[in-house]
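To convert, count from 1 in the sequence shown and add 62; that's my numbering.
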Amino acid sequence: MPEHDLLMTCDAGTTGVKCTIFTDKGDALCSVKRTYPTIYQRPGWAEQDPNLIFNAACDGIRELLMQVPSNRIACVGLSGTMNGCIPVSQDGHALHPNIIHSDSRTASQVDEITRIISPEAFYALTGNRLNTHYTLPKILWFRERMPEVYRNVCWWVNIKDYIYGQLTGKFGYTDYSDASLTCCMDIHKRNWAEDMLQELNLPLSRMPRILAGHDIRGRITREAARRTGLHAGTPVAIGGGDGACTARGAGLYEPGYAYCYIGSSAWVSQLTESPMLDPQARTFNYIDMDGKLNHMVGTVQCAAAAFNWALENFFSGSSGSAGEISRIENLARSVSPGAEGVFFLPTLMGERTPYWDENTRGCLMGFSLYHQPKHVARAVYEGIAFALNSCFKIMQELDGRRYSMTLAGGGARSGLWPNILASVFNMETQVHFAPGECTSLGAAIAAGVGVGIFPSYAHGAKMAHTRSAHAPNEAWVEKYREVYPVYERMYAQMKPLFDDIAQLKHE
Numbered sequence: 063m064p065e066h067d068l069l070m071t072c073d074a075g076t077t078g079v080k081c082t083i084f085t086d087k088g089d090a091l092c093s094v095k096r097t098y099p100t101i102y103q104r105p106g107w108a109e110q111d112p113n114l115i116f117n118a119a120c121d122g123i124r125e126l127l128m129q130v131p132s133n134r135i136a137c138v139g140l141s142g143t144m145n146g147c148i149p150v151s152q153d154g155h156a157l158h159p160n161i162i163h164s165d166s167r168t169a170s171q172v173d174e175i176t177r178i179i180s181p182e183a184f185y186a187l188t189g190n191r192l193n194t195h196y197t198l199p200k201i202l203w204f205r206e207r208m209p210e211v212y213r214n215v216c217w218w219v220n221i222k223d224y225i226y227g228q229l230t231g232k233f234g235y236t237d238y239s240d241a242s243l244t245c246c247m248d249i250h251k252r253n254w255a256e257d258m259l260q261e262l263n264l265p266l267s268r269m270p271r272i273l274a275g276h277d278i279r280g281r282i283t284r285e286a287a288r289r290t291g292l293h294a295g296t297p298v299a300i301g302g303g304d305g306a307c308t309a310r311g312a313g314l315y316e317p318g319y320a321y322c323y324i325g326s327s328a329w330v331s332q333l334t335e336s337p338m339l340d341p342q343a344r345t346f347n348y349i350d351m352d353g354k355l356n357h358m359v360g361t362v363q364c365a366a367a368a369f370n371w372a373l374e375n376f377f378s379g380s381s382g383s384a385g386e387i388s389r390i391e392n393l394a395r396s397v398s399p400g401a402e403g404v405f406f407l408p409t410l411m412g413e414r415t416p417y418w419d420e421n422t423r424g425c426l427m428g429f430s431l432y433h434q435p436k437h438v439a440r441a442v443y444e445g446i447a448f449a450l451n452s453c454f455k456i457m458q459e460l461d462g463r464r465y466s467m468t469l470a471g472g473g474a475r476s477g478l479w480p481n482i483l484a485s486v487f488n489m490e491t492q493v494h495f496a497p498g499e500c501t502s503l504g505a506a507i508a509a510g511v512g513v514g515i516f517p518s519y520a521h522g523a524k525m526a527h528t529r530s531a532h533a534p535n536e537a538w539v540e541k542y543r544e545v546y547p548v549y550e551r552m553y554a555q556m557k558p559l560f561d562d563i564a565q566l567k568h569e
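Shown next, in the form of structure tokens:
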């Protein structure tokens, strides 16, 4: 049996950590997932225990090694949710739970930052909007609300960086992708925005050292070997944030290639040579794991989550079983494109691209006594596709290349969305061969580059292949050209009402 021919990954997502073993051809041999809770102490707050996540990762690794001998693992690669904030002490202890990406407690800290730097200058510097979900205002929240924690912090890190430290004993490191989405980085110089941090009186010394995702200076310690079953000394690549890993795992190997991820939230992302700044700041950017290329992204806040809400509330499908989803898809298929005038605005949790407005609400309109549940089903599928098209259109304005569009995430398994998206985008869509494995595969690519299994990220990304291709339907394309502009006007027409609704008091 060969030694050191496999790659292991740990992807710490929102609901659980997924541990996977890949071959040097990019095929997943085995995978396990360990779940953990998110704690919602107050409205707008969202926290996770990093020690619970690390324990889950150790359990997952140990289970995988019951199926594959540990001497076959050439390297471990890591990925995890971005925008988090874990205060870590010098000896590597988490001083507070991770304030995760969906937490929005920092409105007053965002206001504080705008007194130092304008939103326009902030976007120009970081490639991102000033927003409550990012790491920078969370650091200020600790300084204001938890001064004892703030005084004892040695580094501010994300979850995959915390796991890296626990596995290797090397604390205070991160990669380019996670660093750039803290919004503490000068995205053009690829280093911490020292002047801005100084203006905010935030010590540069507490920011972790930035490494390329394939860096393997970290090795499994004896203690981590005892916890996981891995051999002490096994290389660990620090990997990247989930978005950067997903892009590489989706097969993006050079600028101009794009992918669309359909999960609870959804996004369109394209690889570019350098940051692409939108004059209206509708899209955002982060650096690739390699520290060289850039990811331009537009995000829909509520995609599969909006579908699931409709499933439960309109179709009595609370189970979300494959059979129930198939039934709803068949209903939607029975209606022609445009849903005979029914429209669905899937902004059930506010919206990011293109509106960046937390007051937006969901909207179902255009129905009459004629319409039936099948029209609502079609409108839900199309509304989410139209929301993604709003992202895609902006990215086409900024960079008109249209090389490919790979679909990933749970929604890519749909029998209908790939066809709708192909006609809405007016571009062939290709479904990834393993839509749920893209993030883990991206972490494996970084690990493989680190130990020389792959000569480059591009070479590793080319391993990804697709299982189906979906060409635009010309009749659907023409109908969507007629229908989409109506959808596009819905938000502007409804915004005054959305703002009024947000002001209503609910007892």
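Ideal Cβ positions, reconstructed from N, Cα and C, are used throughout, including at glycine.
So what does residue i bridge to, in DSSP terms?
i, result
"K95", "K80"
"Q492", "T468, A531"
"F346", "V359"
"T334", "N356"
"E374", "Partner(s): none; E374 has no beta bridge."
For residue i and residue j, I'd like the C-alpha separation in whole angstroms.
i, j, result
"F376", "P435", "8 Å"
"H66", "E256", "41 Å"
"L431", "E386", "25 Å"
"A365", "G325", "6 Å"
"P105", "N451", "31 Å"
"T390", "E374", "According to the sequence shown, residue 390 is Ile rather than Thr. Their Cα atoms are separated by approximately 11 Å."
"F233", "F448", "43 Å"
"P199", "T168", "6 Å"
"L202", "W218", "11 Å"
"K354", "T334", "10 Å"
"H195", "I225", "21 Å"
"A183", "S396", "49 Å"
"Y98", "I161", "15 Å"
"S518", "M351", "12 Å"
"L266", "R279", "22 Å"
"V90", "D561", "Note on residue identity: the sequence assigns Ala, not Val, to residue 90. About 47 Å."
"V438", "R529", "29 Å"
"T308", "W329", "11 Å"
So, using beta-carbon positions, are residue i and residue j closer together than 9 Å?
i, j, result
"Y238", "C500", "no"
"F405", "Y549", "yes"
"P408", "A368", "yes"
"I123", "D111", "no"
"C453", "G313", "no"
"Q363", "E444", "no"
"A287", "H293", "yes"
"G75", "T176", "no"
"M208", "H158", "yes"
"I507", "F516", "yes"
"V486", "T468", "no"
"P399", "A537", "yes"
How is residue i classed by DSSP in three states: helix, strand or coil?
i, result
"C364", "coil"
"N145", "coil"
"Y102", "coil"
"M552", "helix"
"G512", "helix"
"A118", "helix"
"G139", "strand"
"L339", "coil"
"L483", "helix"
"L426", "strand"
"N190", "coil"
"L69", "strand"
"L393", "helix"
"I178", "coil"
Quick check for students: name the residue ranges of the alpha helix (DSSP H) that lie wholly in the segment 193–248, counting only runs of 4 or more.
197–207, 209–214, 221–230, 238–242
Can you list, in chain order, the stretches of the alpha helix (DSSP H) that have 4 or more residues and sit fully within the segment 247–332?
256–261, 284–290, 304–311
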